[in-house]
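Since the structure comes first, as structure tokens, the remarks are kept for the end.
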Amino acid sequence: MPFPCLPNLPVERDRMLHLLREMLRIRRFEEKAAELYTVGKIRGFLHLYIGEEAVAVGAMQALTADDAIVATYREHGHALARGIPAGPLMAEMYGKANGVSRGRGGSMHFFDVSRRFYGGHAIVGAGLPIAVGLALADRLQGRARVTACFFGDGAVAEGEFHESLNLAALWKLPVLFLCENNLYAMGTAIARHQAQPDLARKAESAGLCAEVVDGMDVLAVEAATRRVADTVRLGLGPHFLELQTYRFRAHSMYDPELYRTKEEVEQWKIRDPIATFATRLREWRLLSDPDWAALEATVAGEIEDAVRVAEEGPWEPVADLTRDVYTPSGTP
Ligand SMILES: Cc1ncc(C[n+]2csc(CCOP(=O)(O)OP(=O)(O)O)c2C)c(N)n1
Ligand SMILES: [Mg+2]
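In this text, residue positions in the sequence shown follow our numbering: the first is 1, and each later residue adds one.
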């Protein structure tokens, strides 16, 4: 495939390696999380983003530190790509007090206001009205910011989806709706729950501009998001991107995957966003074997450090057990 820009420009190479590194960080972080889950270090629910890394990484490139992010329970990748260090994320999954949500949220509830990362939401569709509210606040206070709202194809079945898109379009609120269409909501294929499975058409019917993007291609995601983010930021109205992607792992750690065939999964793995991007970079002579080995080593070191932060982190003292519980202290 021909290189789209001038090859071998150091700045272009750095940018490309950055994208590759960001996706690899997510992949290795989650592989480690899965391993830690099987030995009981991480408990509760764990939903892996493996296979979908190009979506979070590509989209995040178009967002500034001032923009806001709202994600789902499958949000490890978004949090890492947003720049939340891996240590507090791993500690959160351990339930440790040095976790990004002080150990009270776990895998599904990463939250970091300092980085304008507003969840982590376990309830399907719950992030959409929150994103609209954040965008409304920006509008009322005259701030030129984007709220990027990631959600799955399953969320389009929720009333909140329609309500949120309608209000955002009606009031021209600066929301970038990023629908991660991985074809399944738990074990239900989209064609089994939607009479109109063309999600971009749904968004258009609510009055939004909508586009379909190859969510397995980090450059395509980045380009599409960059193209629309500024129009959203300028207040020209919300935008909807359907990012077509696929999760390579089960829905969560408890899922026998009876709803899809192994052949289907293998077909999608051919389009692995990390492997295909690395191949392109090699073809463009932007990535060598030593580069790849160095990248793997750096990421492995980061993950090792993150596990150490989680292992060494403190448990919350028992005395704090009822803190933040909505009962006035002292009442029986
Ligand atoms: C309101 C609500 N209904 C049902 C569930 C149970 N549930 C958890 S994940 C999920 C599937 C969501 O699929 P999708 O939005 O496509 O996201 P994906 O898991 O594919 O990333 C469901 C139905 C829930 N968490 N919240
Ligand atoms: Mg889905």
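C-beta: ideal position from N, C-alpha, C; glycine also.
Because the structure is a prediction, the values reported are computed rather than measured.
Quick one: what does DSSP say E52 is sitting in, helix, strand or coil?
Sequence index remark: in the sequence shown, residue 52 carries index 52 (1-based). Looking at E52 - three-state DSSP - the assignment turns out to be coil, as it is neither helix nor strand.
Confirm the yes/no value for this check: CB of F248, any heavy atom of ligand 1, distance under 7 Å.
Locating residue 248 in the sequence shown gives position 248, counting from the first residue. No.
Give the DSSP-derived three-state secondary structure of I69 in the structure shown.
By one-based count along the sequence shown, residue 69 stands at place 69. Looking at I69 - three-state DSSP - the assignment turns out to be strand.
Cβ-heavy atom distance between T72 and ligand 1 below 7 Å?
Taking the sequence shown and counting its residues from 1, one reaches residue 72 at position 72. Yes; taking the cut-off as 7 Å, the Cβ of T72 has a heavy atom of ligand 1 nearer than that.
For G87, name the three-state secondary structure that DSSP assigns.
Position 87 of the sequence shown, counted from the start, is the residue given in the question as residue 87. Of the three classes helix, strand and coil, the one that applies to G87 here is helix, per DSSP.
Determine the DSSP secondary structure at L184, reduced to helix, strand or coil.
Against the sequence shown, residue 184 aligns to sequence position 184. Checking the sequence, you will find Tyr at residue 184 rather than Leu. Of the three classes helix, strand and coil, the one that applies to Y184 here is strand, per DSSP.
Does DSSP put H18 in a helix, a strand or coil?
Taking the first residue of the sequence shown as 1, we reach residue 18 at position 18. Three-state DSSP puts H18 in a helix.
Just reading off the alpha helix (DSSP H) that Q61 is part of, what are its end residues?
As a first step, residue 61 must be located in the sequence shown, where it is residue number 61. Unbroken run through Q61: none, as it is neither H nor E.
According to the neighbour-count rule (16 or more other Cβ atoms, all chains shown, within 10 Å of its Cβ), is K202 buried or exposed?
The residue you call residue 202 lines up with position 202 of the sequence shown. By the neighbour-count rule (16 or more Cβ atoms within 10 Å), K202 is buried.
Would the beta-carbon of V232 fall within 8 Å of that of P174?
Working through the sequence shown from its first residue, we reach residue 232 at position 232. Working through the sequence shown from its first residue, we reach residue 174 at position 174. Cβ distance < 8 Å, so V232 and P174 count as in contact.
Identify which residue in I190, P197, L178 and L208 has its Cα closest to the Cα of L167.
The residue given as residue 167 occupies position 167 in the sequence shown. Of the candidates I190, P197, L178 and L208, the one whose C-alpha sits nearest the C-alpha of L167 is L208.
Go ahead and label Q61 buried or exposed: buried means 16 or more other beta carbons lie within 10 angstroms of its beta carbon, across all protein chains shown.
Reading the sequence shown from its first residue, position 61 is the one you call residue 61. With 16 or more other Cβ atoms within 10 Å, it is buried.
Near F111, what residues of its chain come up, given a Cβ to Cβ distance below 8 Å and the 5 sequence neighbours on each side ignored?
In the sequence shown, residue 111 corresponds to position 111, counting from 1. Closer than 8 Å at the Cβ level, and outside the excluded window around F111, lie V100, S101, G105, F117, Y118, G119 and G120.
Suppose the cutoff is 6 Å on Cβ atoms and the five residues either side in sequence are ignored; what does the same chain contact list for G87 look like?
By one-based count along the sequence shown, residue 87 stands at place 87. Closer than 6 Å at the Cβ level, and outside the excluded window around G87, lie A306 and V309.
Counting only the same chain and skipping the five closest in sequence on each side, list residues whose C-beta sits under 6 Å from that of E206.
In the sequence shown, the residue the question calls residue 206 occupies position 206. One detail in the question is off: residue 206 reads as Ala in this sequence, not Glu. Correct list, in chain order: L165, N166 and A169.
Mind checking whether the beta-carbon of M216 lies closer than 7 Å to any heavy atom of ligand 1?
For this step, residue 216 is matched to residue 216 along the sequence shown. Incorrect: M216 has no Cβ contact closer than 7 Å to ligand 1.
Assuming contact is defined by CB atoms lying nearer than 8 Å, are V70 and L243 in contact in what I supplied?
Working through the sequence shown from its first residue, we reach residue 70 at position 70. Working through the sequence shown from its first residue, we reach residue 243 at position 243. No. Outside cutoff.
Compare the Cα-Cα distances from Q196 to each of D153, W171, G237 and L219 and report the closest residue.
Taking the first residue of the sequence shown as 1, we reach residue 196 at position 196. Of the candidates D153, W171, G237 and L219, the one whose C-alpha sits nearest the C-alpha of Q196 is D153.
For ligand 2, is there a heavy atom less than 7 Å away from the beta-carbon of N98?
By 1-based counting over the sequence shown, the position of residue 98 is 98. No, since every heavy atom of ligand 2 falls outside the 7 Å radius drawn around the Cβ of N98.
Determine the DSSP secondary structure at T276, reduced to helix, strand or coil.
As a working mapping, residue 276 is identified with position 276 in the sequence shown. T276 falls in the helix class under three-state DSSP.
Which residues have a Cβ closer than 5 Å to any heavy atom of ligand 1, listed in chain order?
Per the Cβ criterion, the list is R74, I123, V124, G152, D153, G154, A155, N182, A185 and M186.
Does the separation of the CB atoms of F150 and G125 fall below 8 Å?
Taking the first residue of the sequence shown as 1, we reach residue 150 at position 150. Taking the first residue of the sequence shown as 1, we reach residue 125 at position 125. No; because the gap between Cβ atoms is not below 8 Å, this pair is not in contact.
Buried or exposed, going by whether 16 or more other CB atoms sit within 10 Å of the CB of R285?
By 1-based counting over the sequence shown, the position of residue 285 is 285. So R285 counts as exposed.
Count the C-beta pairs between the segment 183-195 and the segment 20-35 that are closer than 8 Å, then say yes if the count reaches three, no if not.
In short, these stretches do not touch, since the Cβ pair count stays below three.
From which residue to which residue does the beta strand (DSSP E) around D214 run?
For the purposes of this step, residue 214 is taken as the residue at position 214 of the sequence shown. C209 to D214 is the span of the beta strand (DSSP E), which, as asked, contains D214.
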